[in-house]
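Before any comments, here is the structure.
There are 2 protein chains.
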Amino acid sequence: MRVTMSDVARAAQVNKATVSRVLRGDPRISPATSEKVWAAVKELGYRPDAIARGLSSSSSDTVGVFLRDISSPWAGEYLAGLERVLSRHGIEFILRATGGDPQQRRNAMFRLLSRRVDGFVWLDGEPEPDAGIPSIAVGRTRAGGVSVSVDIGSAASQLTRLAEGRKIEVFQGENPFFPGIQALLPGDTKRGGGSVSIFDGLLPPRNGSSPEDITVVCATRRCPAVPSGAWKLYWPAFELGTLSARLLLNTIQGKGVRPGAVTVLPVLSSPF
Amino acid sequence: MRVTMSDVARAAQVNKATVSRVLRGDPRISPATSEKVWAAVKELGYRPDAIARGLSSSSSDTVGVFLRDISSPWAGEYLAGLERVLSRHGIEFILRATGGDPQQRRNAMFRLLSRRVDGFVWLDGEPEPDAGIPSIAVGRTRAGGVSVSVDIGSAASQLTRLAEGRKIEVFQGENPFFPGIQALLPGDTKRGGGSVSIFDGLLPPRNGSSPEDITVVCATRRCPAVPSGAWKLYWPAFELGTLSARLLLNTIQGKGVRPGAVTVLPVLSSPF
DNA sequence: TTGTACGCGTTATCAT
DNA sequence: ATGATAACGCGTACAA
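Right, here's the structure in full:
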């Protein structure tokens, strides 16, 4: 059978409640009993039951993550970042693919709420307004809540700076990493004699472009689809994940996270 | 406050236990009371509490998934397949990255066990022997347990067949999708006048190869890194996920899954 | 500083 | 077919 707190209490000859206090690090506990309890814990190989704790404390050390499509090229990197931070804090996450279907999305939300998750991460659009628990939005700025996204403006200015005096071509994927970046390029994609043109689509075979020209490919760190010789504009999926986690944790723990949009900077790196 | 079963029971003027029976679809219940209860449920917007259910039933409708690295190129597709099937069955999953560290792996396992997960999926090597709950291994055949993997032999014979009379070059990624496939190619990579050579590494720039030659690139469906004109040998990550889920579900529900290795076939597709 | 006792929301085992 | 009640394992207000 399972080792419970009562077993530990009996072994350490103290009360159940005392064991609970020791485990939760209650300061008002004598070093003597604390040691006795820890000894018994190790002796019996006791492991606290997260389910029971959850029922009693009305929380679960779990957060829910909503994604339109888990197999999107950057999802893995994002989740890796998220997991890295959450696991360090003893928080697990549950993933749900919504496929862009509002009904499915709400159903998934209710299922997770019934599990008493402590927070939500919404990567598939606006958070449901009646979630009732801390939520952060990822990928698009949101008014009146906490959101984290990639700074597209920074990408635009980095490209503009790179373009000084020459022509550069920027390739995004089929669903662009930096949507609407066109509009952010100053002076109608021209400045200082340079020019930037952006293509949302597949990378065409390299044609005979002048050696002065520069090719930039948008990608994530782990995506190997960048041809050699091209500049890379990294979409910081991993960092987006770690930042999401930190923000959500702070929000859950009520550490005074003021609503607002936080951004991560994309990184432009040369082929050399 | 939260709507509980007691609230529903009171509203429907029946006992808590009856509500539970109705909700779980107990056959020996009168249509009359059943209707009363459902009415009250909808009236009050009652949603069962998964935590409480877990405490009482000693299960959680949750499984744990261990991955060495979540950001690996195929992880997203695998997880998409897994989620697709699990969510249809009301099961959620919790993801843990182990980074190949045995200690971290065991810690993660114990954390999940304390959550009373119903099963494990091990993508990062042999299952821990003392997991104590249904486990399946993914990616490598395992003796004495349930495992699912990609049929490398099938990949080898498809390549051999393709090579009849010509020379083909197969490129895998840095960490090969089909490890050890070399050894499975008959006749020392030659047969019927054709030949197969395999490169574990990055795709080199296309040099002047004869038009008779064939290039094959190993990839997953969603990976855009396949140059046009090349054959594709798909590593069926998504299918691996759906199959994993089905096998695990059957094992959990005790549906007589006999230990053994199940395989998924890779798909070779032409560039046309 | 520690013990008592109740609550958390369900399921399951008795009765009836 | 349904009601009463005891688990399930832990947190915590309250008492000591």
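Here the protein sequences come in this chain order: E and U. Heads up: the first sequence begins at 10 in the numbering used here, then just goes up one per residue. Heads up: the second sequence begins at 10 in the numbering used here, then just goes up one per residue. Every residue gets a Cβ at the ideal spot worked out from N, C-alpha and C, and that includes glycine.
Any C-beta of chain E under 7 Å from that of residue i
i	result
U/I100	no
U/E86	yes
U/I79	yes
U/S123	yes
U/I103	yes
U/E8	With chain U covering only 10 through 281, there is no way to say anything about residue 8 of chain U.
U/A26	no
U/A18	no
U/R56	yes
U/A228	no
U/A165	no
U/A146	no
Simplified DSSP state of residue i, which is helix, strand or coil
i	result
U/I161	helix
E/K176	strand
U/K264	coil
U/Q181	strand
E/T150	coil
E/T222	The amino acid at residue 222 of chain E is misidentified as Thr; the sequence shows Asp. In this structure, E/D222 counts as coil in the three-state DSSP scheme.
U/A106	strand
E/A228	strand
U/V276	strand
E/E135	coil
E/T13	coil
is_contact[residue i, chain U] using C-beta, thresh 7 Å
i	result
E/G217	Because E/G217 carries a pLDDT of 47, less than 50, the predicted location of this residue cannot be relied on, and no value is offered for it.
E/L171	no
E/L76	no
E/S278	no
E/I142	no
E/G63	yes
E/D127	no
E/I60	yes
E/R231	yes
E/R97	no
E/A48	no
E/A239	no
E/A3	This structure cannot speak to residue 3 of chain E, because chain E is shown only from 10 to 281.
E/A89	yes
E/A106	yes
Cross-strand partners of residue i (DSSP beta bridge)
i	result
U/V271	U/V157
E/F129	E/G73, E/S144
E/D209	E/Q181
E/W240	E/V225
U/E282	Not covered by the structure: residue 282 of chain U. The range shown for chain U is 10 to 281.
C-beta atoms of residue i and residue j nearer than 7 Å
i	j	result
U/V226	U/F180	yes
E/L64	U/L132	no
U/V147	U/V157	yes
E/G90	E/T251	yes
U/V205	U/L193	no
U/P275	U/V159	yes
E/E101	U/I103	yes
U/P280	U/A239	yes
U/R77	U/G34	no
E/A59	E/A20	no
E/G128	E/P138	no
U/E86	U/F247	yes
U/V17	U/V31	no
U/S80	E/R231	yes
E/I261	E/I223	no
U/V28	U/T42	no
E/V74	E/V130	yes
E/V271	E/P245	no
Proximity test, residue i beta-carbon vs the ligand PLP heavy atom, cut-off 6 Å
i	result
U/G141	In the structure shown, the ligand PLP is absent, as is every other ligand, since no ligand is present at all.
Those runs of the alpha helix (DSSP H) which lie wholly inside the segment 38 to 98 of chain E and span at least 4 residues: The segment 38 to 98 of chain E contains, as complete alpha helix (DSSP H) runs of 4+ residues, the segments 40 to 53, 59 to 66, 84 to 97 (chain order).
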